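Here's the structure, in structure tokens; my notes come after.
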Amino acid sequence: MKILLTGGAGYIGSHAAVVLSQAGHEVIIFDNFSNSSRSVISRLENILNKKIVCIEGNICDFALLENAIQKNQIEAVIHFAGLKAVGESNAKPLEYYANNVQGTISLLQAMQATGVKKIIFSSSATVYGAPKYSPIDEEYPLSATNPYGRSKIFIEKILQDLAISDQSWSIVCLRYFNPVGAHESGLIGEDPEGIPNNLMPYLAQVAIGKLAKVYVFGDDYQTLDGTGVRDYIHVMDLAEGHLAALAYACRQTGFEAINLGTGKGSSVLEIIKGFEVASKKTIPYEIVGRRFGDVAVCFAKADLAKKKLGWSAKRDLSDAFKSAWKWQNLEGK
Ligand code: NAD
Ligand code: UFG
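Here's what the structure looks like:
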């Protein structure tokens with residue numbers, strides 16, 4: 008199939024581009040490179056050994072999207088494009104709503120105008136707010152603690168309304184837990200600007216000597232070792248989840264929201280220890296106070312993905328650490 012990947016040059020989109028392309032789909036990337044590098048495209052071409060069509064543009068540009076969909080005879084869209092930094096969303100809510108919500112509406116209007124009605128949307132476990140228990144299933148009530156999270160909930164609601172209004176749409180919202188790792192080639196991976204907010208890219212930069220130590224946000228949670236527990240999922244497993252969701256969208260209409268996680272939680276200290284083994288480096292860390300807004304434990308109930316998509320995560324965390332370390336060591340990225 009011909010698939011438009013909005014945000015396809017980003018961390019998750021680029022890995023999905025590899026998986027989809029290797030499964031025989033033709034991927035067309037649409038990205039404004041606001042949070043990614045143009046060099047991702049040539050590195051993807053290197054991995055896939057073929058040319059990739061890439062359109063530089065903003066999803067808020069209806070006319071450009073409509074043209075891109077028509078010209079490339081797009082049959083389905085996987086919508087990764089969005090801003091994703093929680094802290095920044097508190098400081099710039101309008102930018103987040105304009106980019107994420109308005110951008111999605113513009114994309115959906117372009118799809119409607121061209122008769123393309125299959126979409127997979129990058130949602131997030133953030134839609135569960137501060138969950139009171141784990142594993143979290145898809146029926147858990149949605150809430151948000153910041154504009155980024157709210158933008159995901161708004162988009163899910165818009166998609167749900169759309170599916171009700173026109174039953175020929177196939178819409179799958181994938182609620183990602185914590186994506187980590189990189190493609191085994193080490194040619195693509197997570198490439199945050201400035202000091203990373205998330206644990207894995209932060210500790211990779213400590214391991215390589217760019218940052219001095221990891222600050223562990225709290226060791227007084229009710230968990231095995233007192234540090235926060237999350238569901239870390241290998242980005243290649245996540246990418247394969249999109250392939251499965253696409254197949255699902257081709258055989259089913261309507262709206263579905265599905266968790267993509269492993270169903271297992273790991274603590275911050277377990278992650279640090281695991282990364283030390285993979286990188287053969289000692290990772291200095293210091294326990295500091297809890298980070299505002301963090302919950303103790305958050306991991307997925309992953310049964311629905313298995314049931315509906317026939318998908319479950321296969322890779323273990325050591326694969327994620329090894330590939331992330333290889334990526335961290337890539338020169339000139
Ligand atoms: P990313 O920032 O690496 O990729 C997003 C891509 O979208 C970037 O290449 C960026 O340039 C592009 N983009 C942003 N706004 C755009 C616009 N208006 N027009 C065109 N392109 C635009 O992020 P990612 O980690 O790959 O995340 C992809 C999606 O998954 C996002 O929607 C994010 O909210 C969601 N998500 C990510 C995580 C995570 O931890 N990485 C977790 C849950 C959900
Ligand atoms: N942590 C540290 N030190 C750091 C960074 C993180 O101890 O420097 C801890 C956090 O307190 C948490 C765990 O490591 O216990 C994971 O934190 P991340 O920031 O990597 O990930 P979060 O679970 O907080 O959030 C991420 C995204 C959210 C998304 C969520 C689920 O930032 O937007 O995953 O997908 F909603």
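When we follow the numbering used here, the leftmost residue of the sequence shown carries the number 8, and every step to the right adds one. Glycine included, every Cβ here is placed at the ideal spot set by N, Cα and C. This one's a predicted model, so the numbers in the text were calculated from it and none came from an experiment.
Per-residue DSSP class, three states only, for residue i
i    : result
I48  : helix
Y18  : helix
H86  : strand
S319 : coil
K125 : strand
G268 : coil
I81  : coil
S130 : strand
E102 : helix
G300 : coil
G193 : coil
G261 : strand
Y255 : helix
T111 : helix
K340 : coil
E283 : helix
DSSP bridge partner residues for residue i (one or two, in chain order)
i    : result
E33  : K9
R237 : S273 and C305
E63  : D38
I294 : V223
Y135 : S150
Exposure label - residue i; buried when at least 16 CB within 10 Å
i    : result
N53  : exposed
D198 : buried
Q335 : buried
C257 : exposed
A70  : exposed
A98  : exposed
T133 : buried
E263 : buried
L101 : exposed
L194 : buried
Nearest residue (CA-CA) to residue i, options the options
i    : options                   : result
K125 : N65, G15 and E82          : E82
S93  : W334, T152 and N336       : Per the sequence presented here, residue 93 reads as Val, with Ser not at that position. The candidate whose alpha carbon is nearest that of V93 is T152.
S323 : R45, E293 and F282        : The question names Ser, yet the displayed sequence has Asp at residue 323. Cα-wise, what sits closest to D323 is F282.
I202 : A211, V242, L194 and E73  : A211
T269 : P186, G136 and G261       : P186
N65  : K57, H86 and N79          : H86
G233 : V295, A251, A254 and Q259 : V295
S44  : V213, G196 and Y292       : G196
A137 : K333, V302, Y147 and E338 : V302
G225 : G300, A264, K164 and A246 : G300
G261 : L114, L166, G89 and A105  : L166
P154 : S46, M118, N106 and A246  : N106
L276 : C67, V242, D227 and V108  : D227
I265 : G248, A117, A23 and N205  : G248
A312 : E145, I62 and K329        : E145
CB contact check: residue i to chain D, cutoff 8 Å
i    : result
I195 : The structure shown contains no chain D; it holds only a single protein chain.
Residue i CB to nearest heavy atom of ligand 3 below 7 Å
i    : result
S150 : Ligand 3 is not part of this structure, which contains only ligand 1 and ligand 2.
### Query
Of all the alpha helix (DSSP H) runs that stay within the bounds of the segment 144-188, which reach a length of 4 or more residues?
With a minimum length of 4 residues, the continuous alpha helix (DSSP H) runs that stay inside the segment 144-188 are 154-172.
### Runs of beta strand (DSSP E) wholly within the segment 203-231 (minimum 3 residues, chain order)
Taking only runs of at least 3 residues, the beta strand (DSSP E) segments lying wholly in the segment 203-231 are 221-224.
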